[in-house]
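Chemist: Residue numbers (my numbering): 3 to 126.
Cβ coordinates follow ideal geometry from the N, Cα and C atoms, glycine included.
Every value quoted in this text rests on a predicted model; they were computed, and no experiment measured them.
#1: With distances taken between CB atoms, is the gap from residue 124 to residue 73 smaller than 7 Å?
#2: Using only the alpha-carbon positions, how far apart do residue 89 and residue 79 sit?
#3: Tell me whether the beta-carbon of residue 81 lies closer than 7 Å to the beta-carbon of residue 36.
#4: Is it right to say residue 68 is buried, meaning 16 or more other beta carbons lie within 10 angstroms of its own, or is it exposed?
#5: Which one or two residues does DSSP pair with residue 37 in a beta bridge?
#6: Have a look at 110, 94, 95 and flag the residue whose alpha-carbon is nearest the alpha-carbon of residue 101.
#7: In angstroms, rounded to a whole number, what distance separates the CA positions of residue 23 and residue 107?
#8: Buried or exposed, going by whether 16 or more other CB atoms sit within 10 Å of the CB of residue 49?
#9: Can you tell me the Cα-Cα spacing of residue 115 and residue 97, whole angstroms?
#10: Note down, in chain order, each residue of its chain lying with its Cβ closer than 8 Å to the Cβ of residue 122, except the 5 sequence neighbours on either side.
Dropping the structure here:
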């Protein structure tokens with residue numbers, strides 16, 4: 003199955019210089035690396051996110067590609083990109099999935115595991 007051959011790794015960062023806690027604006031970046039461990043090229047066509055903040059607010063985001071691209075990832079290669087989000091709370095989480103097309107033209111959903119967004123040292 004294609005989805006088991008696609009690895010998704012996420013690294014997050016709190017952007018203090020762009021945040022304004024007094025105005026309830028907490029800015030985070032996330033860098034995602036998508037690795038193709040399969041034997042054929044794949045193309046990332048779509049993404050869908052669910053973003054949760056600590057107050058229970060849920061935001062859905064969906065669209066074509068990532069950062070304006072629909073990359074083709076060859077076998078054994080990886081594609082990385084950095085994007086960001088703004089929360090009204092110092093803690094939140096994101097999860098979702100990518101729409102990946104295989105060489106036969108079939109579309110597969112590849113899960114983006116849930117990851118936490120948190121201001122450093124806010125959790126003990």
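Modeler: Per the coordinate set shown:
#1: Contact flag unset, no.
#2: Spanning the two alpha carbons is a distance of roughly 32 Å.
#3: yes
#4: It counts as buried.
#5: 9, 80
#6: 110
#7: 46 Å
#8: buried
#9: 6 Å
#10: 16
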